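Protein chains: 6
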Amino acid sequence: MSEKLYTHFRVTISEPWIAHVEINRTDKLNAIIPEVWLELRTVFDNLSTDPSVRAVVFSGSGERAFSVGIDLKWASKEGSPFNPRPDDHVDPARRATTLRRLGVEFQECITSIEKCEKPVICVLHGFALGMAADLCSAADIRICAKDTIFCVKEVDIGIASDIGILARLPKVVGSYSWVKDVAMTGRNFDADEARREGFVSSILPTKKDALGEAFRIARNLSEKSPVAVQTVKHFLDHSRDRTVAEGLQYQMAYNTAMIQTNDIPVAMKALISKRVPTFEKL
Amino acid sequence: MSEKLYTHFRVTISEPWIAHVEINRTDKLNAIIPEVWLELRTVFDNLSTDPSVRAVVFSGSGERAFSVGIDLKWASKEGSPFNPRPDDHVDPARRATTLRRLGVEFQECITSIEKCEKPVICVLHGFALGMAADLCSAADIRICAKDTIFCVKEVDIGIASDIGILARLPKVVGSYSWVKDVAMTGRNFDADEARREGFVSSILPTKKDALGEAFRIARNLSEKSPVAVQTVKHFLDHSRDRTVAEGLQYQMAYNTAMIQTNDIPVAMKALISKRVPTFEKL
Amino acid sequence: MSEKLYTHFRVTISEPWIAHVEINRTDKLNAIIPEVWLELRTVFDNLSTDPSVRAVVFSGSGERAFSVGIDLKWASKEGSPFNPRPDDHVDPARRATTLRRLGVEFQECITSIEKCEKPVICVLHGFALGMAADLCSAADIRICAKDTIFCVKEVDIGIASDIGILARLPKVVGSYSWVKDVAMTGRNFDADEARREGFVSSILPTKKDALGEAFRIARNLSEKSPVAVQTVKHFLDHSRDRTVAEGLQYQMAYNTAMIQTNDIPVAMKALISKRVPTFEKL
Amino acid sequence: MSEKLYTHFRVTISEPWIAHVEINRTDKLNAIIPEVWLELRTVFDNLSTDPSVRAVVFSGSGERAFSVGIDLKWASKEGSPFNPRPDDHVDPARRATTLRRLGVEFQECITSIEKCEKPVICVLHGFALGMAADLCSAADIRICAKDTIFCVKEVDIGIASDIGILARLPKVVGSYSWVKDVAMTGRNFDADEARREGFVSSILPTKKDALGEAFRIARNLSEKSPVAVQTVKHFLDHSRDRTVAEGLQYQMAYNTAMIQTNDIPVAMKALISKRVPTFEKL
Amino acid sequence: MSEKLYTHFRVTISEPWIAHVEINRTDKLNAIIPEVWLELRTVFDNLSTDPSVRAVVFSGSGERAFSVGIDLKWASKEGSPFNPRPDDHVDPARRATTLRRLGVEFQECITSIEKCEKPVICVLHGFALGMAADLCSAADIRICAKDTIFCVKEVDIGIASDIGILARLPKVVGSYSWVKDVAMTGRNFDADEARREGFVSSILPTKKDALGEAFRIARNLSEKSPVAVQTVKHFLDHSRDRTVAEGLQYQMAYNTAMIQTNDIPVAMKALISKRVPTFEKL
Amino acid sequence: MSEKLYTHFRVTISEPWIAHVEINRTDKLNAIIPEVWLELRTVFDNLSTDPSVRAVVFSGSGERAFSVGIDLKWASKEGSPFNPRPDDHVDPARRATTLRRLGVEFQECITSIEKCEKPVICVLHGFALGMAADLCSAADIRICAKDTIFCVKEVDIGIASDIGILARLPKVVGSYSWVKDVAMTGRNFDADEARREGFVSSILPTKKDALGEAFRIARNLSEKSPVAVQTVKHFLDHSRDRTVAEGLQYQMAYNTAMIQTNDIPVAMKALISKRVPTFEKL
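Those protein sequence lines, which keep their order, are chains A, B, C, D, E and F. Residues 85 to 366, numbered by our numbering, are exactly what the first sequence covers, in order. Residues 85 to 366, numbered by our numbering, are exactly what the second sequence covers, in order. Residues 85 to 366, numbered by our numbering, are exactly what the third sequence covers, in order. Residues 85 to 366, numbered by our numbering, are exactly what the fourth sequence covers, in order. Residues 85 to 366, numbered by our numbering, are exactly what the fifth sequence covers, in order. Residues 85 to 366, numbered by our numbering, are exactly what the sixth sequence covers, in order.
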């Protein structure tokens with residue numbers, strides 16, 4: 085078992101192939117400040133190419149919240165991007181340029197979860213407010229505890245979120261009427277509603293149960309060919325955004341290398357003989 | 085309270101910020117003729133930039149129908165686009181040109197609901213047939229009364245609708261098998277099925293209840309920053325149609341002006357002090 | 085009644101306008117080998133322009149399986165694309181070229197179901213594993229028997245499927261978390277789960293009932309204007325993949341010819357007089 | 085011969101089928117103010133569907149300039165979009181909203197030249213500065229007099245043009261290095277350079293000669309099938325912006341109506357018998 | 085030396101790796117009828133995967149014409165797609181469907197030149213009218229004899245071409261003003277103009293010289309790694325139609341197999357030692 | 085004057101606002117190894133946001149070459165990506181993954197020139213082979229000395245370049261026939277041909293003259309509003325890749341912040357009074 089302690093994250097590998105990433109600001113209910121999202125990128129970029137990891141479980145530390153979203157204390161402080169100091173640049177085009185540079189980096193940090201080559205299973209519990217939605221919508225599989233309270237809160241601080249949730253939500257669930265409802269009103273919704281609308285794929289009684297289920301899925305994934313699992317993730321994200329024809333053409337280009345893998349005969353032999361296969365690191 | 089009477093619509097502002105648009109052809113069950121869709125565009129274009137409006141409730145007058153769709157009497161009359169007079173232009177390319185010019189304008193009229201900068205909550209009840217689906221699928225939030233009967237009827241008059249529903253339906257609900265089923269068969273579906281498939285986001289017992297719920301949502305929206313609410317609507321419609329990467333890039337470009345708004349400090353202060361904020365007109 | 089016996093398919097026309105296509109390898113549980121997918125294309129290309137056909141029911145023969153997917157015996161045999169002979173071309177770029185040519189043809193075979201101008205109703209029962217998902221996701225309407233077991237199995241043989249399911253699944257159901265779950269784990273899911281997630285639009289007690297329901301839908305479709313029904317299919321598939329604006333522009337271009345059809349007055353007259361219309365062949 | 089005098093334009097039809105549109109602010113060197121671009125849209129929207137017009141020649145009145153671009157006096161006046169009054173809305177998001185509404189309308193006015201169904205031949209002479217480039221790049225064919233001085237001037241007043249030239253220029257000429265050069269430096273270029281880079285397709289000694297050549301082309305176009313000519317314009321503009329595959333699919337959809345035209349046998353008969361054909365109005 | 089005689093084409097392999105395809109209707113000036121374009125597809129589909137071919141030279145037989153385009157005798161005959169028999173289907177939607185099926189196949193035949201995996205060098209001479217432009221714009225390199233007369237003739241028979249030239253021309257040359265000019269007027273242009281505008285890349289004095297130059301290029305290409313040459317062709321056609329970012333992503337996916345080729349060390353060794361490399365068949 | 089010495093680059097600021105970036109491996113004719121492209125990204129990322137820089141001149145040190153492209157010694161060494169060690173990973177899918185990670189980073193390094201917010205003027209001289217084309221095609225303006233020899237060499241080492249040139253070349257010049265010619269044959273072309281085809285926008289007698297011209301352009305650019313100049317660069321690169329409609333929509337979103345800049349009144353006042361304006365840093 086290894087554990088790596090970042091400033092705001094704890095990354096634990098307690099069983100082969102599975103990394104557990106926890107947001108680790110328990111006393112702040114895992115509220116998010118710039119240092120958090122910058123470090124988040126480092127965490128997921130590292131896991132992306134770490135050959136000893138085949139699946140990631142992503143959760144928030146403590147009992148009360150996955151995350152309450154952006155740290156309002158930070159955001160409302162003079163000097164934050166949302167509250168410039170009187171002596172800050174006042175030319176709107178120059179302020180826009182500063183905001184854009186920060187914002188693009190912010191987007192890239194959130195997107196590092198989606199870009200992570202390994203599957204990411206996000207476990208939600210307690211409060212999952214505002215930026216929590218941006219974070220978890222960039223993960224692959226979302227499951228939650230019964231007590232989870234979700235919301236797309238940014239609208240209540242005068243902002244249309246531009247870091248992920250509004251770009252991903254129309255593609256993550258089916259009912260566009262519901263998407264507009266929760267994104268424009270910023271209202272809370274609970275685990276049952278999240279499940280009914282397809283935002284999460286299962287509900288477990290407690291955070292502990294949800295983590296257990298996430299590890300069960302992660303274990304399952306880590307026993308399969310990492311070439312196949314990671315390519316499936318990439319193909320789905322690529323095709324979600326494109327025509328079926330473009331998706332097919334890209335997949336074929338990509339797969340002409342991937343299906344030359346030795347994992348296929350290994351997997352087929354194992355399947356036929358009903359044994360657990362062993363795959364080389366990736 | 086103000087009320088504006090168009091020929092086929094009634095637009096009422098009975099409380100601050102909320103406009104109620106009603107199709108007003110009760111005796112025809114709100115059947116639609118060209119004058120209706122042309123006027124619809126005028127109505128929504130005006131509301132789009134009216135600074136005294138922050139949310140729109142859209143419904144059909146009378147107890148029996150949101151709308152029975154296109155007025156079959158008009159459509160089947162000699163001289164309509166579907167039934168040319170014997171002495172009308174007979175060159176198929178020239179008839180096509182006439183049909184295209186009319187059709188493009190028709191599309192723009194329906195799309196004026198989507199383009200309206202303010203959120204539009206559509207309340208459905210009774211019959212909601214044929215073109216009713218084109219209209220409501222261009223709105224943001226759909227809720228309905230228990231008695232609503234829906235259908236995508238055009239196929240039964242020999243037409244594949246080209247004014248909205250077939251372009252929007254695959255993006256409005258999740259089950260593509262269901263989309264194909266109702267759009268190819270033109271069969272009726274009721275409120276429960278509409279809710280289960282995500283076409284509407286809630287069902288209320290009666291039209292009156294549904295209108296009450298729509299006003300409750302509208303009131304909620306109108307208390308928030310209009311900059312934030314209207315930008316959320318625009319971002320979702322933009323991203324629904326594009327890759328996540330394109331969505332993120334556009335949102336950042338757009339938001340560099342919008343997040344310079346004074347609404348953000350106003351909203352944050354209100355949120356922290358738990359008071360209702362007041363926002364400048366937009 | 086006509087019946088056409090292909091090597092691996094049976095195509096029966098037992099009532100006007102409706103073709104029944106059955107995969108006909110009962111003893112192999114309809115497992116799929118290259119001859120099957122090549123013939124599949126011939127079957128659907130023929131039906132696409134056969135004027136005596138207005139709807140297609142697509143199912144698997146026998147009681148035990150729609151299809152168990154790719155024939156593992158074939159796939160694991162030396163000399164298959166997944167298991168090259170030691171003396172086969174070993175230059176990876178040359179092997180890639182061979183794989184691409186085969187793969188592109190394979191994709192086209194599956195896509196022939198989607199490209200078939202006539203609506204295709206797929207009836208699933210028993211095992212519907214692996215490539216079964218590629219096949220049925222290219223059909224228009226999916227219904228299933230209570231006993232159906234589905235899975236996106238390819239990942240278990242070390243492959244990210246590149247022939248259809250991963251390009252279509254994100255667009256066929258609403259919950260992207262569920263899509264990632266079933267596609268990355270390859271786990272089984274049953275009829276109820278398939279219905280709840282929108283992958284099928286109805287469940288019937290038995291295969292026989294499901295076939296009955298499919299024929300009921302097919303009969304309904306075949307009584308309508310074939311111009312309208314086939315155009316609806318095409319518009320939905322086109323719009324699923326594009327912006328609403330692109331969808332609307334294309335539909336208008338396409339429809340300027342289609343709405344000059346005589347089917348419209350015929351259909352309107354029938355609708356008003358409540359009689360069953362008769363439409364010319366297409 | 086007919087002549088229609090708008091406030092800022094003169095539209096003359098001095099021979100069958102050909103409309104001559106002139107910017108008519110000679111004493112201001114055809115400098116452009118909001119009234120000009122709003123009226124421009126009216127002019128081109130009317131010509132677009134006028135059945136007595138088959139080609140449009142577009143030029144600037146007077147000897148000295150096609151147009152010197154935006155009227156700097158207007159632009160620099162307090163209260164213009166570029167120079168808000170101290171008591172104007174100061175919230176940057178609200179000012180952005182006002183600018184966007186104006187700007188989108190401004191774009192639509194320029195684009196009315198491209199959207200005009202009839203071919204537009206633009207004749208340039210003398211000064212063709214700043215917004216002149218936005219205007220002429222939306223036309224179909226550009227020819228110029230020897231004395232023409234071009235530039236993409238907006239950069240010199242601190243603006244990256246957002247009304248057309250920067251969206252169209254990369255698609256109007258071949259050398260992207262040249263595009264960047266003239267658009268970033270705002271430097272002048274003359275007729276010879278414009279021809280060498282492909283921005284104009286021919287140079288004539290004088291404005292009068294250039295107008296003569298434009299009328300010669302217009303006359304040629306007006307003797308052909310208007311169905312064919314107008315469809316060619318539309319196909320090229322559609323395909324310029326899309327993949328070859330998308331272009332081909334759209335063209336086929338569009339043409340299934342257009343090639344049913346009687347103009348084809350009329351044109352073929354004329355071609356074979358070497359007589360001038362006569363085509364019905366469009 | 086091998087020679088394969090099709091009905092309307094002659095395909096000669098007179099030196100290693102290079103196929104010479106000639107349209108072989110000399111007495112008709114290589115005018116094109118449906119049999120020609122259907123056979124064209126067969127010719128290029130066969131060459132595409134023929135491992136003994138690495139480059140294709142494409143020309144027209146005889147001294148007078150590459151091709152005069154569509155055979156007007158055929159096109160104007162009663163019963164052709166452009167001149168239906170009085171007793172042909174008269175429902176415009178049904179005629180449209182027939183035209184679309186024919187047209188899509190026609191497009192695919194032309195596109196087989198672009199889809200051919202091997203580079204195609206088109207040699208033009210004499211008349212190169214109408215459909216000749218559709219054919220040669222789908223080739224990779226165009227060179228011509230001094231005497232070549234080009235035109236995009238379709239507009240003169242009342243048709244906006246929908247089989248290739250209007251989808252490709254905006255991407256084949258730089259000056260969009262020139263594109264509009266030649267495509268809307270259908271006027272002739274000569275070799276010098278074609279070279280100046282970039283439509284051809286070189287002019288040779290005679291057809292014989294031009295063929296010589298084409299063989300010189302083909303020989304050069306056939307001495308290089310076929311993996312590299314064919315991938316370059318594919319990458320350029322893919323990127324021409326997409327954003328730079330999409331192009332780069334696709335190329336990387338495709339190349340992960342291709343740059344594992346043994347051709348790279350072979351080519352590098354040859355380059356360093358200045359010897360001619362030998363590459364395995366592809 | 086400041087000078088920053090990187091390992092492989094020299095960055096000099098010898099006059100206000102203008103950075104001169106030189107590839108600094110003179111003795112290797114500026115041949116490129118991985119350290120070079122990684123450092124290139126650092127150089128351009130730093131310049132991108134350096135407020136004291138408004139234009140970048142990019143050239144190669146020494147008299148003989150801008151760059152001879154990839155260092156063949158490095159590329160052919162055992163252990164390079166093109167020549168794996170016998171004991172390297174042999175599973176083709178795993179090698180593909182390694183190659184993709186390296187390749188994506190390589191692409192990002194080249195693209196840092198295009199992403200650099202400041203205009204980049206590339207001065208070419210002597211040999212400009214292979215990867216030199218990838219580098220300079222990502223710059224904004226290309227000018228060259230009379231003696232420059234260009235080629236797209238990668239094909240001669242068995243590779244279809246996937247790091248930039250094949251994605252950008254179809255959009256950088258007009259003649260697609262010429263693009264295919266030089267990219268498939270890898271043949272040399274000289275300054276005159278580069279100018280004629282639009283690959284460079286001017287030729288100067290010597291490297292020194294070309295540098296002088298580049299500084300003249302850079303000086304011109306640096307006297308303008310940096311808001312305007314940098315936005316023009318961004319708009320052109322965005323629009324090059326998208327439909328005109330998408331380009332216009334994005335530009336308007338972006339500009340609602342940028343045209344609130346105080347640079348506009350400053351620039352207009354200067355223009356009217358014919359004085360040189362002074363703009364705030366960006």
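Just so it is clear, CB atoms sit at the ideal spot from N, CA and C, and this is done for glycine as well. On a predicted model such as this, the values are computed, not experimentally measured, just so you know.
What is the residue span of the alpha helix (DSSP H) that residue i lies within?
i: residue 331/A; result: 328-342
State the start and end residues of the unbroken beta strand (DSSP E) segment that holds residue i.
i: residue 88/E; result: 86-89
i: residue 288/F; result: 286-288
i: residue 104/C; result: 101-107
i: residue 169/A; result: Here residue 169/A belongs to no beta strand (DSSP E), and DSSP marks it neither H nor E.
i: residue 229/F; result: 225-229
i: residue 74/B; result: The requested residue 74/B does not occur in the structure, where chain B is confined to residues 85 to 366.
Taking the alpha-carbon positions, what's the residue i to residue j distance?
i: residue 231/C; j: residue 216/C; result: 15 Å
i: residue 193/E; j: residue 341/F; result: 50 Å
i: residue 295/F; j: residue 110/F; result: 17 Å
i: residue 161/E; j: residue 356/D; result: 12 Å
i: residue 202/C; j: residue 208/E; result: 43 Å
i: residue 284/D; j: residue 320/E; result: 27 Å
i: residue 266/E; j: residue 252/E; result: 14 Å
Indicate whether residue i and residue j have their beta-carbon atoms separated by less than 9 Å.
i: residue 238/F; j: residue 262/F; result: no
i: residue 331/F; j: residue 318/F; result: no
i: residue 156/D; j: residue 233/D; result: no
i: residue 151/D; j: residue 213/D; result: yes
i: residue 245/C; j: residue 316/A; result: yes
i: residue 165/D; j: residue 117/F; result: no
Would the segment 215-226 of chain F and the segment 294-312 of chain E be scored as touching if the rule is three or more Cβ pairs under 8 Å?
no
Quick one, which residues of the segment 107-125 of chain B are near chain F if we go by CB-CB under 7 Å, in chain order?
none
Under 8 Å, CB to CB, which of the residues in the segment 336-350 of chain D have a partner in chain I?
Here the protein chains are A, B, C, D, E and F, and chain I is not one of them.
Name, going along the chain, the residues of the segment 224-244 of chain D whose beta-carbon falls closer than 8 Å to a beta-carbon of chain F.
238, 239, 240, 241, 242, 243, 244
Check each residue of the segment 209-223 of chain E: if its Cβ is closer than 8 Å to any Cβ of chain C, include it; give the result in chain order.
none
Please list, in chain order, the residues of the segment 152-178 of chain F that have any C-beta partner in chain C closer than 7 Å.
176
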